[in-house]
Each structure stands twice: as structure tokens, then as C-alpha cells.
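Using the numbering used here, the first residue of the sequence shown is number 73, and each one after it goes up by one.
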Amino acid sequence: MLRSTSTFLSTALLALVFAVSANAQGEKYELDALDRWQKVAAVDPASEEAQLLNARRALIDGEVSRAENLSNAFIDRFPLSRFRADALLILGDAKVAGGNEYEALFQYEEICRRYAGTSVFIPTLEREFDIATAYAKGLKKRFFGTFRIIDSSEDAQELLIRIQERIPGSELAERAGMELADFYFGRREMLMAAEAYSLFLENYPRSAQITKARLRLIYSYLAGFRGPEYDASGLLEARAKLRSMQALQPGLAQQIGATSVLVRIEESEAAKFLSTASWYLEVNDPISAEMSIRRLVQRHPKSIATLEALRIVPTVLPRLPESVLRETPDYRALRKQLLRVEWDDMPVMLSPDVVPAITPPTVTEGATP
């Protein structure tokens with residue numbers, strides 16, 4: 073990644089060097105309105121501009137140390153120069169070319185904080201994005217300039233967030249937002265990934281990657297659910313997003329099997345109610361246990377968890393006060409209808425493993441992964 077960045081820097085600076093290709097003779101050329109090179113002025117070899125161009129030329133020629141020394145000398149000699157931001161960019165680029173991208177970030181950050189109105193501001197953010205992407209993909213920082221053994225994941229996150237804050241709504245900010253979300257997703261930090269994809273959908277509703285963001289958001293919510301004993305808010309969010317997708321992109325929803333995923337979500341939500349009822353029974357709170365069972369059979373009457381709840385409900389009702397019994401559903405009729413057994417009969421116990429696990433929907437060919 074950093075090698076390609078150095079190649080890009082060389083290509084970008086080549087035009088600047090060509091503009092002063094006759095600098096040895098004290099000439100300066102610029103493009104006119106018709107994209108033709110025109111001689112506009114003579115450059116004094118002792119001027120600030122000429123010294124800066126020498127540093128640029130050294131970087132293009134691959135003389136990294138010389139470019140770093142020249143730009144450093146320029147910054148020290150002309151601390152108030154109008155070309156200071158350009159000198160900082162050259163110095164940072166020289167450090168990147170020398171394999172010291174982390175040190176280059178100090179120059180890039182100074183540009184972003186002090187020279188946001190200059191022409192080098194956007195190129196500097198692009199450099200930071202390249203470094204952040206390399207860090208997000210696993211590149212480690214050097215240990216005191218030697219081996220790359222220091223984790224750089226926090227730096228990647230910080231840089232990608234700063235880019236979005238500094239130029240919100242831009243194409244580069246959009247790329248940074250998706251890179252950050254993918255970073256969390258790749259590390260299986262599903263709560264952070266869900267938040268990042270949700271922000272991406274909110275900030276860039278017309279993005280070409282909107283479909284990918286929607287799918288990844290659903291995956292993140294589903295993968296973040298750890299079982300009926302834990303918080304089920306992610307399931308509710310995933311269900312809402314799937315139903316929204318069925319309305320907005322019915323073809324894609326059909327490709328990923330949204331209907332079957334919704335069924336699995338319903339089963340998992342029902343298992344959550346059953347788990348809650350079991351816990352209340354363990355702590356000797358039959359009233360709350362019956363309330364959980366009541367909600368279960370009312371909201372998910374066709375779920376497997378409802379069958380299991382109807383199996384145990386005869387052991388719960390005798391422990392309830394008369395005032396609560398008057399408000400309960402007709403569990404006798406429900407047992408006979410769904411379990412096909414009489415009230416005093418004990419059906420075969422269902423295995424807790426019969427509740428299907430939630431798995432991310434499979435994307436068929438033609439859908440964005």
C-alpha cells in the first residue's frame with residue numbers, strides 16, 4: 073500500500089517538476105487556459121520557491137534523504153513562508169517514501185490543523201487515508217524505527233474518523249466511512265460495525281455502496297446476538313432493516329432469503345421470552361414467569377418456544393393467585409390445539425436445541441456482499 077502511495081506521489085509531483093524543467097536556467101512555466109505550457113517568469117535560484125522546487129525534484133529522483141534534508145532546512149529557514157505547508161507536505165512524503173509513514177503523520181497533521189485553507193489540504197488528507205487504510209489492513213508501526221511490531225489499529229480508526237470530520241459529505245469522507253465500517257466488521261466488532269454502517273447509510277444515502285452497507289448492517293445486527301440469555305435489541309433492528317429492504321429492494325431481499333431470516337429472528341425472539349420465564353421460575357417468581365409466557369403465546373403463537381412454554385404451563389398456574397388466573401389466556405385450549413394433549417397429559421419434552429440458530433443471510437450472485 074505504501075509502495076503504491078509513493079508511486080502516486082511521484083506521478084503527482086512530476087507535473088510540478090516539468091513546470092520548472094528549465095529551472096537550471098532560471099525559467100518558470102505554467103499551463104494556460106488552453107493547457108499549453110507558457111513561460112511566465114524567471115525564478116531566482118536563491119528564492120523560497122526555487123529551494124522548494126529543489127526539494128520536490130530530489131523526491132522525484134528518489135533522493136529521499138536529500139529531499140527530507142532540503143524540506144527540513146526550508147522549514148527552519150523560512151518559518152513564516154507562504155510555502156510552509158508545501159514544505160511540510162514534501163517532508164511528509166519523503167518520510168513515507170523512506171518507510172516512516174507514522175512520522176510523516178506529524179507533518180500531515182500540522183497541515184490539517186494549521187493550513188486547512190491551502191491547496192495542499194485535500195492531498196494531505198488523501199495521504200492520511202492511504203496510511204489509515206494500510207494500518208486497517210494490518211500494517212504495523214515500527215518499534216523505534218526498526219521492526220514493525222506495534223499495533224496500529226487505534227491509529228487507523230482515529231485517522232478515518234478525522235477525515236470524515238474534516239471534509240464531511242465528500243467522496244473521500246465516504247470512502248473513509250466505509251473503510252472504518254469494514255474495519256470493524258473484519259475484526260468481528262459487530263456493535264461498532266453496526267453503528268458505523270448505520271452512520272454511513274445516514275450520511276451517504278446516495279452512495280454507490282448503499283446496498284453493501286444495508287446488507288452488512290443486517291449481518292452485524294444478527295451476528296451481535298449471542299443467545300436468548302442476552303439483549304435482543306439487535307434482532308429487533310435486524311428485523312426492521314429486513315422489512316425495510318423488502319419494501320425498498322424486493323429483488324435483493326428475495327436473493328438473500330429475507331423471509332426465512334425473519335422466521336429465524338421470530339424464533340430467537342420467542343426463545344428470549346421463554347428464557348426469561350425460566351429465569352423467573354428459578355427465582356420463585358411465578359407471576360412474572362406467567363406474564364412472560366403470556367406475551368410469548370400472544371406474540372409468537374406458531375413458534376417452537378410457544379410449544380415448550382405450553383408444556384410447562386400446568387406447573388406454573390397452581391402457583392398463581394386467583395386474581396392473576398382470571399386474566400390468563402385459555403391455556404387448556406391452546407395446549408389441546410397446539411400440543412394435541414389434554415391438560416393433565418405430559419407431552420414429550422422438547423430439546424432446547426430445536427430453536428434454529430440465527431445465521432447471516434446468504435447473498436446469491438448479483439448481490440453486493
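The beta carbon of each residue, even a glycine, is placed where N, CA and C say it ideally should be.
Here the alpha carbon of H372 sits roughly 25 Å from the alpha carbon of S395.
Bounds of the beta strand (DSSP E) holding R220 are R220 to I222. Note on the region 220-269: whole alpha helix (DSSP H) runs with a minimum of 4 residues are 225-238 and 243-258, in chain order. Between the C-alpha atoms of F297 and K209 there is a straight-line separation of about 26 Å. Measuring C-alpha to C-alpha distances from R247 to each of R214, D303, I282 and A349 identifies I282 as the nearest.
DSSP links K213 through a beta bridge to I222. The beta carbons of L289 and L273 sit about 7 Å from each other, so the pair counts as a contact at 8 Å.
Taking all protein chains shown into account, T378 has 16 or more neighbouring C-beta atoms within 10 Å of its C-beta and is therefore buried. With 16 or more other CB atoms across the displayed protein chains lying within 10 angstroms of its CB, I337 is buried. Cβ-Cβ distances below 6 Å link G164 to A176, Q179 and Y180 in the same chain, with the five nearest sequence neighbours on each side left out; the list follows chain order.
Distances from the alpha-carbon of G171 to those of V355, F215, S332 and A361 put F215 closest.
The beta-carbon distance between L252 and I239, rounded to whole angstroms, is 14 Å. This is too long to meet the 8 Å contact definition. Of all C-beta pairs linking the region 116-132 to the region 150-158, three or more are shorter than 8 Å, placing the two stretches in contact. Remark: C-beta atoms of Y207 and A228 approach each other more closely than 7 Å.
Taking the C-beta atoms as reference points, A159 is found no nearer than 7 Å to S137.
The beta-carbon separation of L397 and P358, rounded to 11 Å, does not stay under the 8 Å limit for a contact. Counting along the chain, the unbroken alpha helix (DSSP H) around Y174 starts and ends at E173 to R186. Sixteen is the threshold: since fewer than 16 other Cβ atoms of the shown chains lie within 10 Å of the Cβ of S332, the residue is exposed.
Here N356 carries a coil assignment [DSSP, helix/strand/coil]. Judged by beta-carbon spacing, S347 lies beyond the 7 Å limit of E309, meaning their Cβ atoms are not closer than that value.
In the three-state reduction of the DSSP assignment, W415 falls in the coil class, being assigned neither a helical nor a strand state. Residue environment: I222 is assigned as exposed (fewer than 16 neighbouring CB atoms within 10 Å of its CB, all protein chains considered).
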